[in-house]
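J.: What follows is a structure written as structure tokens; I'll ask about it next.
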Amino acid sequence: MAAAWLLCAALFSSAFCSSGAASFTRHLSVELNPGAPAPHAGGDLLHVRALGDNDTLHFLFCSQGAPTLLLVHTRVTSSYVSVDWERFLSRNASGSLRVEPVSSIVSSTALVFSRLLEYDDVNNTADMPDELFPPYELRNITWSAMELSGAAARLCGAVAQGSICLHLSVFDGEGRDEIWPRLLHTANSSQVAVQLNGLLPRSQRSRFLLELHSVGGVYPLNTVRVHRSIDDEFTPSIFKVSEWTSGTNESSCDGCGFVLWKQVAYRHSPPALEDASPCRHTEPRRQSGGALAEAGGLALAFFATEGDEPDGVFGLNISFGMAGEPFYDATKFLSWTALVGVGLPPSDTFSPLVAAIMAVGLGAPLIILLVGGVYVCLRKRSVSSASGYEPIN
Amino acid sequence: MADIEEDRGLLAADAGEEDSLPGVEESGHVGTPLPAICDPAHVLHRVVVLVFMCFLGFGSYFCYDNPASLQTEVLQDLNLNTAKFMQLYAWYSWPNVILCFFGGFLIDRVFGIRLGTIIFSLFVCIGQLIFATGALVNRFWLMEIGRFIFGIGGESLAVAQNTYAVNWFKGKELNLVFGLQLSMARLGSTVNMNIMGWVYSKVTLLLGAPGHTTLGCSFMIAAVTCIFSLTCALVLAFLDKRAEKILQKEQGKTGEVIQLTDVKDFPLPLWIIFIICVCYYVAIFPFIGLGQVFFIEKFDFSPAEARAVNSIVYIISAPASPVLGFVVDKIGRNVIWVMCAVCTTLASHMMLAFTFWTPWIGMSLLGLSYSLLACALWPMVAFVVPEHQLGTAYGFMQSVQNLGLALIAMAAGAILDSRGYLFLQVFFCSCICIALVAVVMLYFVDYLRGGDLNRSAAARAKLLKEATSEAENTRRPSQLTEGDVARLSPMSAFGLRNCHLSRFGAQLPHHCSGHLSSLAHRSVLK
């Protein structure tokens, strides 16, 4: 019982005093196509500048080439983005986008959504076979114009008679998303949701994979850690969280980037428990030199300088569905959410409600036992101080 | 006549006794000996009857947990959410909120034990068939109706089974018989958990693809056990009628008297016992109902492993119940045992909720504590309530328990759908904590009222001896009231039956085993 009380106290303190470090806010300013000449074709560039007390976080989201989300962390409050639009729009110019002053950059991480793969799961085993259907290259899709709403942007492209949409949200403080998987975010992170809506599968037993590339300047994202957590309050029945990080010791890496997701995709919108489809990932693999040039767009513009490519490009696949789960054909909808940010990935804690229930539940019997024991002792003493004989009649 | 028959019934191993009783008719020849196995008074025949008696309840226990054993398949093939899935359990409990008051009445006054058993078995059979048909045609409302009908038969069948046992076996044999019936019940549940997955996979191979048709076929195959139980009921009815003719004894009765006006006389400790009963069992059965997917998702178990660990509660309860019952009866102090059981259950739920330790530990603890509580809690009712009110008390306890199960089953499904497993486990823990508060209060209330419930077995036996010897000695006025004496005296056949509700694994308190002398005394004391 004492051990249970201690556990409760621990729950309580963790619920209330958690994330003291990351509960700061940033000031956001949003601009679309900063400094661009008159309306142009070929993709939009969204720039969200998140100003902190003594640092700045630049979020850049671009639909030119493969859709890319780029985070640049600078240690000054006066950094800005400069784009050489002529070279940027020509699509294969490296170094056409710069964050000035370059010396103030602490870290930079990019997440590239490169390809959508599909395979025929003949035996319902969800094992990726050697032969896949020809992939959908996301850099070749025509993307719509970015729709802005506050610090969020929505980007959709038509593919296979359906659409693939990317929904980016940047946050100015700590909070939790409303829709499952209800990821916890801080001011240092942004959330990207990928939705595959109405695609025509090429077989009745099709399953999809999403290929992602990450480019991390000084600290490339080269490992994925899977955390098991007992808390599934915010994402019912999902106990595992995957973190794609640079694998270095966290304390030494102040501004390292991360990509975090819960191992679930939902087959319906809005999602319910029975629509949860587990997803798996492959190990990050170092990509060959030409990968960045292939992707084009933002990643190439920022990272590559004069034909010199960084060697920190890693790629992995997220595969949706497991053996026995319904195929894509069942609902023709898949939604997967990831958190992209810098610093320490936020970790979930118990909600105060859970801690309160356990505290009351465990405390009440203890208190009653104590009070009752005291009362009984007092009564015994008062009775024994009186005559010890029982009445005869 | 009745005494002679009773004596003959009590004499167990009379091998080769071939005298038939006076007045017996067999094939028209008076005095012709029957072969041992056909002689209703002979132990061999009664063993045969025992076999049929045990299998009578097998089908009902097998099919009760069918939804839990195929939880993933039911959810997927019928496109259900967890709240709707738990309706299948709620609908089983609803009819028993009212029916447990009438089970004894129906058996004693309306149908008789033989016809009553057949009717209840029929309900079980038809209910399961309708349930399977509902799955076949993918109509959920039909499955709910099937479970409702199944529920009408299921609980009343247990009453009938116990009445048969008390009718055919007396004295010390009754302990063994009840123990065997309990083991068969647990066997049915365990076999169901572990085999239905295999049945489903075989049917899938046969039909080509999983779906509601496969599910319906699997449930139909499960209904075979119900038909088997119905056959046992028919055979038992025939054997019982034959024995009645040969031995000239009366048709068995439950002896249950239900008077709802007695409720206002229930003492405070009894109400606390009701609370403990409700709050405890609502944290066990709905949890087992939802256990399979919990173990698959949180602990990465395979479906077969998850079913096996889900069934461990029943597997452990089968041997543990008789042993723990014996221990509790020998030592007494029921309230302390109940407190231990509730604390252990709380520990096991917290282990399953807050750690990743292998669930085999948690579930084994749960099985042990569940058996312990049944052995310690149900006999306490007999200590608190006079015998003429026992029927009402047990009926009320079961009614309230079924009501709690029905409501909490639905609530559990809804909680899981919206908040996930941790919150569900915390909810179950809070139910157990309420039970724990009730136990603590029961201890203090009982202590302040003289400590009847928490007496050791030795003290209770001494008190009983004093009470009977004092009552015999009419010169000295008895200090104990009639109510006290009635409370401490051994119980009637009905009391024996209600002591042991095989559904929940209670074991007969030691003083319940009726000796001739005690029965004689009891009739004097009345």
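Those protein sequence lines, which keep their order, are chains A and B. Note that the first sequence covers residues -7 to 385 in our numbering. Note that the second sequence covers residues 3 to 528 in our numbering. Quick reminder that beta carbons are idealized off the backbone N, C-alpha and C, glycines included.
(1) Output yes if chain A places a C-beta closer than 8 Å to the C-beta of Leu482/B; else output no.
(2) Quick one: is Glu170/A near chain B, going by C-beta distance under 8 Å?
(3) So, under 8 Å CB-CB, Arg290/A and Leu147/A are touching, yes? Tell me the CB distance rounded to an integer number of Å.
(4) So, are the CB atoms of Ser231/B and Ser123/B less than 8 Å apart?
(5) Give a yes or no on whether the C-beta atoms belonging to Leu204/A and Gly35/A are separated by under 8 Å.
(6) What in chain A is Cβ-close to Glu299/B, meaning under 7 Å?
(7) Alpha carbon to alpha carbon, what distance is there between Trp380/B and Thr178/A?
(8) With 8 Å as the threshold, decide whether the Cβ of Ser504/B is near any Cβ in chain A.
(9) Would the beta-carbon of Arg174/A fall within 8 Å of that of Phe250/A?
(10) Helix, strand or coil for Asp47/A? Go by DSSP, reduced to three states.
(11) For the region 139 to 153 of chain A and the region 118 to 127 of chain A, state whether three or more C-beta atom pairs, one from each stretch, are separated by less than 8 Å.
(12) Buried or exposed for Leu178/B, please, with buried defined as at least 16 other CB atoms from any protein chain shown within 10 angstroms of its CB.
(13) Using only the alpha-carbon positions, how far apart do Phe301/B and Pro228/A sit?
(14) Go through the region 146 to 212 of chain A residue by residue and report every complete run of the beta strand (DSSP E) that reaches 3 residues or more, in order.
(15) Kindly indicate if chain B contains any beta-carbon less than 8 Å away from that of Gly353/A.
(16) Mind checking if Ser90/A is an interface residue toward chain B, Cβ cutoff 8 Å exclusive?
(17) Quick check: the region 230 to 239 of chain A against the region 133 to 140 of chain A, are there 3 or more CB pairs under 8 Å?
(18) Within 8 Å of any Cβ in chain A, is that where the Cβ of Arg421/B sits?
(19) Compare the C-alpha of Tyr72/A against each of Ala152/A, His50/A, Ser55/A and name the closest.
(20) Can you tell me whether Gly59/B is helix, strand or coil according to DSSP?
(21) So, are the CB atoms of Phe394/A and Asp113/A less than 8 Å apart?
(22) Would Gly364/A pass as an interface residue toward chain B - the criterion being a Cβ-Cβ separation below 8 Å?
(23) For Pro357/A, which residues in chain B fall below 7 Å Cβ to Cβ?
(24) Taking 8 Å as the cut-off, decide whether the C-beta atoms of Gly129/B and Ile109/B are in contact.
(25) Which first and last residues belong to the beta strand (DSSP E) in which Cys271/A is found?
(26) Please say whether Gly291/B and Pro35/B have beta carbons closer to each other than 8 Å?
(27) Within its chain, find whatever has a CB closer than 6 Å to the CB of Tyr63/B; leave out the 5 residues flanking it on each side and keep chain order.
(28) Can you tell me whether Gln73/B is buried or exposed? The criterion is at least 16 other CB atoms within 10 Å of its CB, across all chains shown.
(29) Per DSSP, what kind of secondary structure is Glu146/B in: helix, strand or coil?
(30) Tell me whether Asn309/A sits in a helix, a strand or coil according to DSSP, three-state version.
(31) Compare the C-alpha of Gly335/A against each of Gly57/A, Ser206/A, Val98/A, Ser376/A and name the closest.
(32) Any Cβ of chain B within less than 8 Å of the Cβ of Ile360/A?
(33) Note the first and the last residue of the continuous beta strand (DSSP E) segment covering Glu75/B.
(34) Quick one: Cα of Leu213/A to Cα of Thr17/A, how far?
(35) According to the Cβ coordinates, are Leu348/B and Leu438/B closer than 8 Å?
(36) Please identify, using Cβ separations under 9 Å, the residues of the region 74 to 106 of chain B that lie next to chain A, in order along the chain.
T.: Quick answer:
(1) Translated into positions along the second sequence, residue 482/B becomes position 480. Low per-residue confidence applies at Leu482/B: pLDDT is 48, beneath 50, and the placement is therefore not dependable, though the value from the model is reported in the following sentence. No, Leu482/B lies away from the interface with chain A (no Cβ there is under 8 Å from its Cβ).
(2) Residue 170/A sits at position 178 when you count from the first residue of the first sequence. By this cut-off, Glu170/A is not an interface position.
(3) As a position in the first sequence, residue 290/A is number 298, starting the count at 1. As a position in the first sequence, residue 147/A is number 155, starting the count at 1. Checking the sequence shown, residue 290/A turns out to be Leu, not Arg. Not quite, the Cβ-Cβ distance comes to about 13 Å (not below 8 Å), so this is no contact.
(4) For the purposes of this step, residue 231/B is identified with residue 229 of the second sequence, where counting begins at 1. For the purposes of this step, residue 123/B is identified with residue 121 of the second sequence, where counting begins at 1. Less than 8 Å divides the Cβ of Ser231/B from the Cβ of Ser123/B.
(5) Your numbering for residue 204/A matches position 212 in the first sequence. Your numbering for residue 35/A matches position 43 in the first sequence. No, Cβ-Cβ distance for Leu204/A and Gly35/A is not below 8 Å.
(6) One-based indexing of the second sequence puts residue 299/B at position 297. Neighbours of Glu299/B on chain A, chain order: Ser229, Phe231.
(7) Taking the first sequence and counting its residues from 1, one reaches residue 178/A at position 186. Taking the second sequence and counting its residues from 1, one reaches residue 380/B at position 378. Roughly 54 Å between the two C-alpha positions.
(8) Position 502 of the second sequence holds residue 504/B. Its pLDDT being 34, under 50, Ser504/B is placed unreliably by the model, and nothing is read from it.
(9) Stepping through the first sequence from its first residue, residue 174/A is reached at position 182. Stepping through the first sequence from its first residue, residue 250/A is reached at position 258. Contact flag unset, no.
(10) Here the question's residue 47/A lines up with position 55 in the first sequence. Per DSSP, reduced to three states, the secondary structure at Asp47/A is coil, with no helix or strand assignment.
(11) Using a Cβ-Cβ distance cut-off of 8 Å, the region 139 to 153 of chain A and the region 118 to 127 of chain A are not in contact, since fewer than three pairs of beta carbons, one from each stretch, lie closer than that value.
(12) Position 176 of the second sequence, counted from the start, is the residue given in the question as residue 178/B. By the neighbour-count rule (16 or more Cβ atoms within 10 Å), Leu178/B is not buried but exposed.
(13) Start at 1 with the first residue of the second sequence, and residue 301/B comes out as number 299. Start at 1 with the first residue of the first sequence, and residue 228/A comes out as number 236. If I take the Cα positions, the gap works out to 14 Å.
(14) Here the runs fully enclosed are 154 to 162, 181 to 189, 198 to 208.
(15) Sequence index remark: in the first sequence, residue 353/A carries index 361 (1-based). For Gly353/A, the answer is yes, since a Cβ of chain B falls inside 8 Å of its Cβ.
(16) Here residue 90/A refers to the residue found at position 98 when the first sequence is read from its first residue. Contrary to the premise, residue 90/A reads as Arg rather than Ser in this sequence. Not an interface residue.
(17) Output reads no: the region 133 to 140 of chain A does not touch the region 230 to 239 of chain A.
(18) As a working note, residue 421/B is residue 419 in the second sequence. Yes, its Cβ sits closer than 8 Å to a Cβ of chain A.
(19) Looking up residue 72/A in the first sequence gives position 80. Ranking the options by Cα distance to Tyr72/A, first place goes to His50/A.
(20) Start at 1 with the first residue of the second sequence, and residue 59/B comes out as number 57. Assignment of Gly59/B by DSSP, reduced to helix, strand and coil, places it in the coil class.
(21) What is shown of chain A runs -7 to 385, which leaves residue 394/A out entirely.
(22) Translated into positions along the first sequence, residue 364/A becomes position 372. For Gly364/A, the answer is yes, since a Cβ of chain B falls inside 8 Å of its Cβ.
(23) Residue numbering aside, residue 357/A sits at position 365 when the first sequence is read from its first letter. Correct list: Cys435, Leu438, Val439, Val442.
(24) Here the question's residue 129/B lines up with position 127 in the second sequence. Here the question's residue 109/B lines up with position 107 in the second sequence. Going by C-beta atoms, Gly129/B is not nearer than 8 Å to Ile109/B.
(25) For the purposes of this step, residue 271/A is taken as residue 279 along the first sequence, with counting starting at 1. 268 to 273 is the extent of the beta strand (DSSP E) around Cys271/A.
(26) Your numbering for residue 35/B matches position 33 in the second sequence. Your numbering for residue 291/B matches position 289 in the second sequence. The answer is no: Cβ separation not under 8 Å.
(27) Walking along the second sequence from the start, residue 63/B turns up at place 61. Shown here for Tyr63/B: same chain residues with a beta carbon closer than 6 Å to its own, the five before and five after excluded, namely Ala187, Gly190, Ser191 in chain order.
(28) In the second sequence, counting from the first residue as 1, residue 73/B sits at position 71. It counts as buried.
(29) If you number the second sequence from 1, residue 146/B lands on position 144. It is helical.
(30) On the first sequence, position 317 is the one that residue 309/A refers to. Of the three classes helix, strand and coil, the one that applies to Asn309/A here is strand, per DSSP.
(31) Translated into positions along the first sequence, residue 335/A becomes position 343. Among Gly57/A, Ser206/A, Val98/A, Ser376/A, the Cα nearest to that of Gly335/A belongs to Val98/A.
(32) Looking up residue 360/A in the first sequence gives position 368. Taking Cβ atoms only, chain B reaches closer than 8 Å to Ile360/A, which makes this a yes.
(33) For the purposes of this step, residue 75/B is identified with residue 73 of the second sequence, where counting begins at 1. No beta strand (DSSP E) contains Glu75/B, which is instead part of the alpha helix (DSSP H) from 73 to 79.
(34) Taking the first sequence and counting its residues from 1, one reaches residue 213/A at position 221. Taking the first sequence and counting its residues from 1, one reaches residue 17/A at position 25. In this structure, the alpha-carbon of Leu213/A lies about 26 Å from that of Thr17/A.
(35) Here the question's residue 348/B lines up with position 346 in the second sequence. Here the question's residue 438/B lines up with position 436 in the second sequence. Against a cut-off of 8 Å, the Cβ pair of Leu438/B and Leu348/B comes out as a contact.
(36) Only those residues of the region 74 to 106 of chain B whose C-beta falls short of 9 Å from the nearest C-beta of chain A are listed: Thr74, Leu77, Gln78, Asn81, Leu82, Asn83, Thr84.
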